[in-house]
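Here the sequence shown is numbered in this note's numbering, starting from 8 and rising by one per residue.
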Amino acid sequence: AKDFFTLSNATSNNLKNINVDIPKGLFTVISGVAGSGKSSLIFNEFVKHYPESIIIDQSALHKSSRSNLATYTKIMDIIRDLYAKKHDVKKSLFSFNSEGACENCKGKGYTVVELAFMAGVKSVCTHCDGNQYKKEVLQYKLGTYNIVEILKMTVSEAMVFFENKKISKILQTLEEVGLGYLALGQMMDTLSGGECQRIKLASELHKKGNIYILDEPTTGLHMANVQDLLSILNQLANNGSSVIVIEHNTEVMKYADWIIDLGPEAGKRGGEIMYSGPAKDIVQAQSITSDFLKMA
8 AKDFFTLSNA
18 TSNNLKNINV
28 DIPKGLFTVI
38 SGVAGSGKSS
48 LIFNEFVKHY
58 PESIIIDQSA
68 LHKSSRSNLA
78 TYTKIMDIIR
88 DLYAKKHDVK
98 KSLFSFNSEG
108 ACENCKGKGY
118 TVVELAFMAG
128 VKSVCTHCDG
138 NQYKKEVLQY
148 KLGTYNIVEI
158 LKMTVSEAMV
168 FFENKKISKI
178 LQTLEEVGLG
188 YLALGQMMDT
198 LSGGECQRIK
208 LASELHKKGN
218 IYILDEPTTG
228 LHMANVQDLL
238 SILNQLANNG
248 SSVIVIEHNT
258 EVMKYADWII
268 DLGPEAGKRG
278 GEIMYSGPAK
288 DIVQAQSITS
298 DFLKMA
């Protein structure tokens, strides 16, 4: 590592007036037992000094029940343009939030029956069969597909179908983060935390020179998805971005270029740097993390 982000005299919460150098352009893991000061170091100290940091977490991307993968990634705008130009009709006709919406369910795809003293019961709209669109919109085709059929395509299928460069570029990044199986019309409020995290990463994948912070990104992920995530993080670092991950998963530590380990224990008995340096050398350090890595 040549260049570093430097933090001096960090005293937030239980940090014991520590000085830390975090390398630029590498994949760094901040490790240590729960309560050792990892979050204090990154969220209270680092982010304060480097506010341009981009935090990527597993929180939901869009609370709106009106947003799907195509609208969130902006692919939908381009698809609507393609339909409108081909058929010389208004673009808004191809939006289920606008003129194209089924009038019975107002473009939701379902209706709600309100019951006294109970939560309403959702049922599939009988007018549009849950497709969200007016019947007349379905007469317009791109190739042999109407808008509903396009939205049922997975990312991988859409990559084969679309020749538009902008659409292909967005789909390619979703494919690269392992989300080729998602349908373009998948509603955003049905995605898992891990899927939300990867969609956020997809939009960053080809940018250079940024600082990314991830807090325990492997929580709740299947082992195969952990491998996907690690290869994405490596790709970001290889592109020249700085990746900082707070994590106690030993698999992630094995992939890191650099490890900063806090300890020795939690709370008042933590807040010190137990090790800071290349990941391969941490096994020589005296720390709980080092002991775990020797066993892993």
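Backbone N, C-alpha and C define an ideal beta-carbon position, used for all residues, glycine too.
Closest by C-alpha distance to residue i, when choosing among the options
i, options, result
"Asp41", "Lys98, Glu272, Asp298", "A small fix is needed here, since residue 41 is Ala in this sequence, not Asp. Comparing Cα positions, the closest option is Glu272."
"Lys31", "Phe11, Gly44, Asn217", "Phe11"
"Val233", "Val184, Ile266, Leu14", "Val184"
"Ser47", "Ala77, Arg73, Asn16", "Asn16"
"Tyr219", "Asn171, Leu33, Val167, Lys287", "Leu33"
"Glu59", "Ile25, Val120, Leu236, Gly216", "Gly216"
"Ile82", "Ile177, Lys45, Lys9", "Ile177"
"Lys55", "Lys159, Ser72, Thr18", "Thr18"
"Arg276", "Gly44, Ala286, Leu198, Ser297", "Gly44"
"His28", "Ile280, Ile289, Thr80, Ala292", "For the sequence presented, residue 28 should be read as Asp rather than His. The shortest C-alpha separation from Asp28 is found at Ile280."
"Leu198", "Ser74, Lys9, Thr35", "Ser74"
"Asp268", "Ala292, Lys207, Gln146, Lys129", "Ala292"
"Lys9", "Asn26, Ser294, Gly284, Ser297", "Gly284"
C-alpha gap between residue i and residue j, whole angstroms
i, j, result
"Gln193", "Asp264", "36 Å"
"Lys214", "Ala67", "22 Å"
"Gly150", "Ala91", "14 Å"
"Tyr282", "Ile62", "24 Å"
"Val167", "Thr180", "14 Å"
"Lys97", "Leu189", "28 Å"
"Ser238", "Asn153", "36 Å"
"Asn21", "Ile49", "13 Å"
"Asn24", "Val120", "60 Å"
"Lys248", "Leu240", "Residue identity differs from the one stated: residue 248 is Ser in this sequence, not Lys. Their backbone Cα atoms lie some 9 Å apart in a straight line."
"Thr118", "Cys109", "11 Å"
"Gly200", "Met230", "15 Å"
"Val250", "Gln146", "48 Å"
Cβ neighbours of residue i in the same chain (closer than 6 Å, five flanking residues each side left out)
i, result
"Asn111", "Cys132, His134"
"Asn138", "Val155"
"Ala303", "Thr257"
Residues that residue i bridges to, as DSSP identifies them
i, result
"Phe269", "A small fix is needed here, since residue 269 is Leu in this sequence, not Phe. BP columns for Leu269 point to Ile280."
"Ser66", "Paired residue(s): none; Ser66 is not in a bridge."
"Pro285", "Trp265"
"Phe11", "Pro30"
"Ile218", "Ser249"
"Tyr188", "DSSP output for Tyr188 lists no bridge partner at all."
"Leu122", "Met125"
Contact belief for residue i with residue j at Cβ below 8 Å, rounded distance in angstroms
i, j, result
"Phe103", "Tyr140", "6 Å"
"Ser38", "Glu223", "Not really, about 11 Å apart at Cβ, beyond 8 Å."
"Thr225", "Leu236", "7 Å"
Beta-carbon proximity list for residue i, same chain, < 7 Å, skipping 5 on both sides
i, result
"Arg87", "Lys98, Phe101, Ser102"
Any non-hydrogen atom of the ligand NAP closer than 7 Å to residue i Cβ
i, result
"Ser47", "Although the ligand NAP was asked about, the structure shown includes no ligands whatsoever."
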